[in-house]
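Straight run, no breaks: the sequence shown in numbering that gives the first Met the number 0 ends on number 242. By construction, the Cβ of each residue, glycine as well, lies at the ideal position given by its N, Cα and C atoms. For reference, the structure is listed below as structure tokens.
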Amino acid sequence: MKTALITGASRGIGRAVARELAHQGWAVGINYLNRTDKARELVEELTAAGCHAAMFQADVADSAAVAEMVRKLGETFSPVELVVNNAGVSGQGLFQDTTDEMWDRYLAVNLSGARNTVKAALPHMISEKRGCIVNISSIWGQRGASCEVAYSCTKAGIIALTRSLAMELAPSGIRVNCVAPGVINTDMVQVLGQETVEELIRETPLGRLGTPEDIAYAVAFFASERAGFITGQVLTADGGFIV
């Protein structure tokens, strides 16, 4: 049984990724920070379907907490062979209004969080000469976004992290790839309001919002043997938004 850790998996994209991987035979560790109810609901759903799932509360910005989570997940199922770095925070506002605390939190969760999770899982992967890392970036990390400077910076950093790690870890048989979602129908998007959402739909050539499942399928591909010769790549799943 192979084990995957999905950060920020209680809702949205992370939840869909955990569900897809579980149904493909992975034992999944569902990381969450605040929504214990949603994480428990997902574990119960997957367990009832005959899948293997467990929930782990940790702030990915806390490297010690992440290391402990990876250790516990390994004891619960088996050492982690797949890391999906999905946990993230976002928000809109002028750059001039971004406080030091906001800036630091975005970097700590979105970028350092991915670093912390990979670092905790790597020793086993390197010793076994196998493993897979899939990072979740964003189209805003590819082209930038007005009034989302901090978020865009962290997501651009995720792409650089992906490419650099892919080169460094390839000799150890570890693949590192990235999915860059477009406008996905999650709580993070719905808070923008109906008028903004409808405008984003109009700007998307395929004429709809993406679904969390759209991203989950992309992640599952990178995690599969069908992507065995693919590393260091960024797959943009955005309905043509930034073509």
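Bounds of the beta strand (DSSP E) holding residue 180 are 173-180. If you draw a straight line from the Cα of residue 110 to the Cα of residue 125, it is about 22 Å long. Residue 88 is not a Cβ neighbour of residue 4, given a cutoff of 8 Å. Residue 43 and residue 30 have their alpha carbons spaced roughly 15 Å apart. In this structure residue 38 is in contact with residue 9, their Cβ atoms being roughly 4 Å apart against a cut-off of 8 Å. A distance below 7 Å between beta-carbons, with the five flanking residues on each side excluded, links residue 58 to the following residues of its chain, in chain order: 32 and 64.
Here residue 205 carries a coil assignment [DSSP, helix/strand/coil].
The straight-line gap separating the alpha-carbon atoms of residue 193 and residue 162 is approximately 36 Å. Between the region 8-23 and the region 85-105, the count of C-beta pairs closer than 8 Å reaches three or more; the two stretches touch. Contact check between the region 94-114 and the region 186-204: fewer than three CB pairs, one atom from each, fall below 8 Å, which does not count as touching. By the Cβ neighbour-count rule, residue 229 is exposed, with fewer than 16 other Cβ atoms within 10 Å of its own. If you look at residue 125, you'll find it in the alpha helix (DSSP H) that goes 111-127. In its chain, beyond the 5 residues on either side, 138, 209, 237, 238 and 240 have a beta carbon closer than 6 Å to the beta carbon of residue 181. Short of 6 Å from the beta carbon of residue 233, and not among the five residues preceding or following it, lie these beta carbons of its own chain, in chain order: 158, 177 and 179. The three-state secondary structure of residue 130, taken from DSSP, is strand. Partner residues in the beta bridge of residue 53, as assigned by DSSP, are 28. The Cβ atoms of residue 160 and residue 119 do not sit closer than 8 Å to each other. Pairing residue 74 with residue 130 gives a Cβ-Cβ distance that is not under 8 Å. The shortest C-alpha to C-alpha distance from residue 168 to any of 190, 121, 22 and 227 is the one to 121. Residue 22 has its alpha-carbon roughly 15 Å from the corresponding atom of residue 214. Secondary structure note for residue 41: its alpha helix (DSSP H) is the uninterrupted segment 35-47. Exposure of residue 206 is indicated by the presence of fewer than 16 other C-beta atoms within 10 angstroms of its C-beta.
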